[in-house]
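Peer 1: For the sequence shown, my numbering assigns the number 141 to the initial residue and increments by one for each residue that follows. Would you mind keeping the following structure in view while I ask a few things?
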Amino acid sequence: MATSKAFCDYVIESFSIAGAVRVRSMMGEYCLYLNDKLIGDLCDEQCLLKRTPTSDAMLQGEPLDYPYEGSKQLMHVFDDFDNKERVAALLAGMWNDLPEKKPRKKKGTKK
Numbered sequence: 141m142a143t144s145k146a147f148c149d150y151v152i153e154s155f156s157i158a159g160a161v162r163v164r165s166m167m168g169e170y171c172l173y174l175n176d177k178l179i180g181d182l183c184d185e186q187c188l189l190k191r192t193p194t195s196d197a198m199l200q201g202e203p204l205d206y207p208y209e210g211s212k213q214l215m216h217v218f219d220d221f222d223n224k225e226r227v228a229a230l231l232a233g234m235w236n237d238l239p240e241k242k243p244r245k246k247k248g249t250k251k
C-alpha cells in the first residue's frame, strides 16, 4: 500500500517544529529529511525513523520494522505525533547524531 499525500503532509506538519522538513518520492514511497539530513522513510502509511543513539534511547520498546522487503536495516516505527515536546527532542537529538552530508563532487572533476 502506497503512502498517501495526506499522511506525508501530516508528518511534515508534525515534524516542522524541529526544523525544515521535506519528503522525496522514492520507489513509490518517501524519504524523510530534516534540515537536509535523511532521518527516515514513510512507507505503507507508517513513519519509520533511522536508528541513532537518541532514537534507540527515546523509542526503546517501540516496534521496529523494515522499510521495504529485502531491506537490511531495521527502523523505529513512530506514531506519537501529538506529543510536540517529544517530537522536538527526538528529532533534534537524531539530527545531531547523524553525520553531516558529504559535499558532491562536480561533474568532470578528476581525483
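Ideal placement from N, C-alpha and C gives every residue a C-beta, glycine not left out.
Hey, is Leu-174's beta-carbon within less than 7 Å of any beta-carbon in chain D?
Peer 2: No chain D is part of this structure, which consists of one protein chain only.
Peer 1: Whole angstroms is fine: what's the gap from Lys-212's alpha carbon to Asp-181's?
Peer 2: Residue numbering aside, residue 212 sits at position 72 when the sequence shown is read from its first letter. Residue numbering aside, residue 181 sits at position 41 when the sequence shown is read from its first letter. The alpha-carbon atoms of Lys-212 and Asp-181 are separated by roughly 14 Å.
Peer 1: Does DSSP put Met-167 in a helix, in a strand, or in coil?
Peer 2: As a working note, residue 167 is residue 27 in the sequence shown. Met-167 falls in the coil class under three-state DSSP.
Peer 1: With a floor of 3 residues, list each beta strand (DSSP E) that falls wholly inside the segment 155 to 235, ordered by position along the chain.
Peer 2: Entirely contained in the segment 155 to 235, the beta strand (DSSP E) runs reaching 3 residues are, in chain order, 161 to 166, 169 to 174, 177 to 183, 186 to 189, 215 to 218.
Peer 1: Got a sec? Which residues, its chain only, sit under 7 Å from Lys-241 by beta carbon, not counting five neighbours each side?
Peer 2: Numbered from its first residue, the sequence shown carries residue 241 at position 101. Excluding sequence neighbours, Lys-241 sits near Asp-176, Lys-177.
Peer 1: Taking C-beta to C-beta, are Cys-187 and Val-163 nearer than 7 Å?
Peer 2: Numbered from 1 along the sequence shown, position 47 holds the residue referred to as residue 187. Numbered from 1 along the sequence shown, position 23 holds the residue referred to as residue 163. No, Cβ-Cβ distance for Cys-187 and Val-163 is not below 7 Å.
Peer 1: Express the C-alpha separation of Cys-148 and Gly-159 in angstroms, rounding to a whole number.
Peer 2: Residue numbering aside, residue 159 sits at position 19 when the sequence shown is read from its first letter. Residue numbering aside, residue 148 sits at position 8 when the sequence shown is read from its first letter. Answer to the nearest angstrom: the Cα atoms are 16 Å apart.
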